[in-house]
Amino acid sequence: MKPEDYAWNAHERKCYENSQVILPSPYKLKILDDGEERLELELVLEQLPQGQLARWAMKIASSFILLIDAKDESEKQRILPQIGAIFQARLDGRASAYELRTAGFLANKLSRQAQSQIGKYAARVFAQAVATAHMRGHAIVAADYAIKVRNLQSPDDLQRAVKEREGQIELASAFIRSGKETL
Numbered sequence: 001m002k003p004e005d006y007a008w009n010a011h012e013r014k015c016y017e018n019s020q021v022i023l024p025s026p027y028k029l030k031i032l033d034d035g036e037e038r039l040e041l042e043l044v045l046e047q048l049p050q051g052q053l054a055r056w057a058m059k060i061a062s063s064f065i066l067l068i069d070a071k072d073e074s075e076k077q078r079i080l081p082q083i084g085a086i087f088q089a090r091l092d093g094r095a096s097a098y099e100l101r102t103a104g105f106l107a108n109k110l111s112r113q114a115q116s117q118i119g120k121y122a123a124r125v126f127a128q129a130v131a132t133a134h135m136r137g138h139a140i141v142a143a144d145y146a147i148k149v150r151n152l153q154s155p156d157d158l159q160r161a162v163k164e165r166e167g168q169i170e171l172a173s174a175f176i177r178s179g180k181e182t183l
């Protein structure tokens, strides 16, 4: 794939061009996970151009939005469309990285306003998915936060984490099979 399709961020593009992409990437948070499944996911994600990768991350995150239990539900409902519009504008080349960061800050606000740990980490899945439209590395972090949510929902249940990873892999594989920007 062309470097400019692989990564929109200059640093990540340079790593790709110089064969310096390191897999598996280090974990950024403590989760109960199957490392082999995570590596398989990363290998599949490496095949996606950044636009598809960002769409994949947002599709993963969309299933966690209902779990975001913000103290002010009306503010959550006001913020979500704003974030979605900026995210889409970034994918369409109509928004800068700076504007996307602003959307990311709004998404992180939902995390700070969450009333539970599950809500907090569900919002972080969403925030990391938004950030994937700037840097690829946020995609695996979004996926890991999804595992964190599953860990909180079902403590000590590795199979729940594996099932989530399998769904992530299947969705990424579907993007590859489709050859389209969206599913």
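Its first residue numbered 1, the sequence shown is counted upward by one per residue in the UniProt record's numbering.
Note that beta-carbon positions come from the ideal geometry of N, C-alpha and C, so glycine has one too.
Residues bridged to residue i [DSSP beta-bridge criterion]
i	result
A114	A70
Residue i in three-state terms, based on DSSP
i	result
D156	coil
F64	coil
Q47	coil
A95	coil
H134	coil
K76	helix
L23	coil
D33	coil
M58	helix
G104	helix
K163	helix
K148	helix
G119	helix
K109	helix
A7	coil
First through last residue of the alpha helix (DSSP H) which encompasses residue i
i	result
H11	10-17
Supposed close pair residue i, residue j - CB separation, criterion 8 Å
i	j	result
I83	V130	6 Å
I68	G119	5 Å
L53	R136	6 Å
Nonlocal neighbours in the same chain, by C-beta distance under 8 Å from residue i, ignoring five residues either side
i	result
E99	I86, A89, R90
I31	D144, I147, K148, N151, A161
Q128	A57, A61, H138, A139, V141, A142, Y145
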